[in-house]
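A short write-up of the structure that comes next.
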Amino acid sequence: MSNTSDSLVIARRNLIRMTRIPEMILFGLIQPVMFVILFTYVFGGSMSVGGSTDPDVYKNFLMAGIFAQTVTFATAGAGAGIADDMHKGLIDRFRSLPMARGAVLTGRTLADLVQTALTLFVLAIVALIIGWRPGYAAPTNFGKIMAGFALLLLLGYAFTWIGALIGLSVRTPEAATSGGLIWLFPVTFISNAFVDSSNLPGWLQPIAEWNPFSATVQACRKLFGDPGLSPSDAWPMQYPVWASLIYSVLIVVIFRTLSVRKYRRANG
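Yeah, the sequence shown ends on 1692 if you go by the working numbering, and it's all consecutive.
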């Protein structure tokens, strides 16, 4: 069997498992919805975007960041799932079958991508209900909106490979969950997701502007027609769509290579 067909078999196995444990999907949906409501109604009135404190402006500014945070937080679940399979010896059983070694990890990340897409779809509906309006600050169209969501899914898929490497590097699912979240918080909050990076301390601004997470958030704001950031000379902020694509592809290439190598060593 080819690597592609093996990966699809593993992906199908994980998707079936998800449907049999519906609370996995339910809890994955509740958390981002809570973030939307909390940031919109608790912080929205006190945030300034482009000199405006209008809650509607912040609401439309915020959503790209919430979408990006949602797809990246799936990383922790991916790492925990792989660590659980390793802990239970399921990976050893896969090794006894005539399948490509990398297919186990690829199949798992593809299944997580499907779950992330479902979560993103539900979250977009909730965002529309509470007042998010694509094209609020600049003209857009259906193609650009879909391109924005595609960039979000690509970022989520890229970060899932980081989660895979963490899951292969720890001994328990609990450690994988903790390890998957520790680095995500600074990545998502030292960014332009929730505040304009120009409001950050001077030494943090370059970190936020060159953050791969920030590039995808800014790209989505541009494609969605949402309120944007203050002008910046940083290349990722001037060409966010290209920066988002380059960052995500590099992360996939690097961390997939490291994950497959780690998998082979762990089971070699």
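Just so you know, even glycine gets a beta-carbon here, dropped at the ideal spot from N, CA and C. Keep in mind that this is a model prediction, so the values were computed, not measured.
Classify residue 1466 as helix, strand or coil using the three-state DSSP reduction. helix
In chain order, what are the residue ranges of uninterrupted beta strand (DSSP E) at least 3 long that sit wholly in the segment 1559 to 1639? none
From 1590, 1601, 1538, residue whose alpha carbon lies closest to that of residue 1574: 1538
Under three-state DSSP, which class holds residue 1425? In this prediction, residue 1425 scores a pLDDT of 47, lower than 50, which makes its location untrustworthy; the coordinate-derived value is nonetheless stated afterwards. In the structure shown, residue 1425 sits in coil (DSSP, three-state: anything other than H, G, I, E or B).
Would you mind stating whether residue 1496 and residue 1572 have Cβ atoms separated by less than 8 Å? no
Return yes when the Cβ of residue 1534 is within less than 8 Å of the Cβ of residue 1600, no when it is not. no
Once you ignore the five residues that flank residue 1425 on each side, which residues in its own chain have a CB closer than 6 Å to its CB? Since pLDDT at residue 1425 reaches only 47, below the 50 mark, its modelled position is unreliable, and the value read off the structure follows with that caveat. Hits under 6 Å: none found.
Could you compute how far the alpha carbon of residue 1562 sits from the alpha carbon of residue 1433? 43 Å
Residue 1507 to residue 1545, Cα distance in whole Å? 27 Å
Cβ-based neighbour list, residue 1614, same chain, cut-off 8 Å, excluding 5 preceding and 5 following: 1624, 1628, 1631, 1632, 1635
Is it buried or exposed, residue 1586, if we count other Cβ atoms within 10 angstroms and call 16 or more buried? buried
Close beta carbons around residue 1464, own chain, < 7 Å, minus the five adjacent residues each side: 1483, 1486, 1554
Can the beta-carbon of residue 1684 be found less than 8 Å from the beta-carbon of residue 1526? yes
Do you know offhand how far residue 1677's Cα is from residue 1654's? 32 Å
How is the alpha helix (DSSP H) around residue 1650 delimited, first residue to last? From DSSP, residue 1650 is part of no alpha helix (DSSP H); its letter is neither H nor E.
Hey, how far is the Cα of residue 1597 from the Cα of residue 1510? 9 Å
Beta-carbon gap between residue 1453 and residue 1543 smaller than 8 Å: yes
Inter-residue Cα distance where the pair is residue 1445 and residue 1662: 43 Å
Kindly identify the DSSP beta-bridge partner or partners of residue 1694. The structure shown does not extend to residue 1694, since the chain is modelled only from 1425 to 1692, so the question has no answer here.
First and last residue of the alpha helix (DSSP H) that includes residue 1660? 1659 to 1662
Own chain, CB closer than 8 Å to residue 1686, minus 5 neighbours either side, in chain order: 1589, 1592, 1593
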